[in-house]
Structures are given as C-alpha cells and as structure tokens.
Amino acid sequence: MASEGPAADPLLPIPLQELKLLENGKEWQIHQPLNELSSLTPVRGSLRAVHRGNVLELEGEARTIVTLCCDRCLQQFNHPLSFETREVLWLGEQARVDGIAPETVLEGDLEVLELDADALTESLDPSADFDPEHWVFEQLNLQLPVVNRCGEGCPGPNLQGTGSDPDAVIDPRWAALKKLQP
Ligand SMILES: [Zn+2]
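Structure below.
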C-alpha cells in the first residue's frame, strides 16, 4: 500500500532512561489505530518527547474519526476528534505544584521552558517506560463530547416505534420512558 509523507513509527513504549540519551528527543509520525480507542480511521499526527532531566516535555497533535451513539435518537454518527497539546510531566516523586519555580525544575543549561506550574500535575516514575500510544489515547479521549448529539437534523427520541407492534421495534432503552406516556 503506497503511503504519502514520512513513514509512520509504531507507538511503542520507550524506557525513559533510553529517551534521556537522545539529545533531541524522539519523534513519532503517527498513522495507526489505537488499542484503547475504536476509531473509524487510523489516528494520524505526530508526537515529540524530550527528556529534560527531571521533566518530560511532550508536544503532539493528532486526529481521527470516531463513531458515537447519539444520546437523543440513539443513532450512530461519525465525529472528528483532534488535539494539539504541549504538556510537561514531572519525573520523580509527585511534585508539589504550588511553589515550583522554573529554575528548580530544569537541570543544566537548557533552552528556557515556559513552565506553567499548573501543568505539572502528573508525574512519571523515571525508571519506567513512556507509553506514547497511551498518551495519544488520553489526549483524544479528553476531546470526546460530554453529550453526544448527531447534529441539527436529529430526529429526537423514537417513542412511537415503526411497526404494527410498537413494543417490538422500540429500543429497549426507551421502553421505560414509553411507560410514562399517558
Ligand atoms: Zn440524534
């Protein structure tokens, strides 16, 4: 199968200790489905992870299309998901978020990071692996709507059924609601 653009790199976990040795970090070109997210199209995008001593800097963007179920009419519809995120994860014990000054976070003479102390809420065990696939999943998952609506043309709840015996075709999830009707 011919592919355009740079070759995709599988999103495989990488030990943080290995990432530490890569001066420019590691970059992934993403073009694959995710184990944890069922999507209509492969997830496409890119991710860069740079180990900066006691923080892990992550910068990525990706997009895909997922199939959701409308909360009102219960029909399935396709919904695009995308994110563009820059995040810094603390490596080591859970950081005390208030009171972190950037100069205490960075080691050595590195480029200046504009650290938002509020962003430093998560921490990773420095001897563990960084799992890029899970990180991408989390970012996409955060973009899922709280309420699923198929669109302006939503026909609304089907309380009538369509056949001669309405109870035979009505969605069981609406059966309880139908009983409330006069
Ligand atoms: Zn709908």
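Numbering (our numbering), first residue to last: 6 to 187.
Note that beta-carbon positions come from the ideal geometry of N, C-alpha and C, so glycine has one too.
- Message: According to DSSP, simplified to helix, strand and coil, what is asparagine 163?
- Response: Here residue 163 is taken as the residue at index 158 of the sequence shown, counted from 1. Secondary structure at asparagine 163: coil, using DSSP grouped into helix, strand and coil.
- Query: For the stretch 56-63 against the stretch 71-80, are there 3 or more C-beta pairs whose distance is under 8 Å?
  - Reply: Contact between the stretch 56-63 and the stretch 71-80 is absent, because fewer than three Cβ pairs lie under 8 Å.
- Should glutamate 138 go down as buried or exposed, given a rule of 16 or more other Cβ atoms within 10 Å for buried? Stepping through the sequence shown from its first residue, residue 138 is reached at position 133. Residue environment analysis places glutamate 138 among the buried positions, since at least 16 neighbouring C-beta atoms fall within 10 angstroms of its C-beta.
- Quick one: grab the DSSP three-state call for asparagine 153. Position 148 of the sequence shown, counting from 1, holds the residue named residue 153. Correct three-state label for asparagine 153: coil.
- Task: Taking asparagine 146 as part of the alpha helix (DSSP H), name the residues at either end of that continuous run.
- Result: In the sequence shown, the residue the question calls residue 146 occupies position 141. Per DSSP, asparagine 146 belongs to the alpha helix (DSSP H) from 137-147.
- Message: Is glutamine 80 close to ligand 1? I mean its beta-carbon at under 7 Å from any heavy atom of the ligand.
- Response: Position 75 of the sequence shown holds residue 80. Yes.
- Item | Where glutamine 80 sits in the DSSP three-state scheme | Residue numbering aside, residue 80 sits at position 75 when the sequence shown is read from its first letter. Secondary structure of glutamine 80 (DSSP, three-state): coil.
- Message: Taking 7 Å as the cut-off, is the beta-carbon of arginine 57 closer than that to any non-hydrogen atom of ligand 1?
- Response: The residue labelled residue 57 in the question sits at position 52 within the sequence shown. Flag unset: Cβ of arginine 57 not near ligand 1.
- Contact between the stretch 140-147 and the stretch 24-43 (3+ Cβ pairs under 8 Å): Segments in contact, yes.
- Hey, is arginine 154 close to ligand 1, as in C-beta under 7 Å from one of its heavy atoms? The residue labelled residue 154 in the question sits at position 149 within the sequence shown. Distances taken from the Cβ of arginine 154 to the heavy atoms of ligand 1 include one shorter than 7 Å.
- Query: At what residues does the alpha helix (DSSP H) containing glutamate 127 begin and finish?
  - Reply: Within the sequence shown, residue 127 is the residue found at index 122, counting from 1. Note, glutamate 127: premise wrong, no alpha helix (DSSP H); not H, not E.
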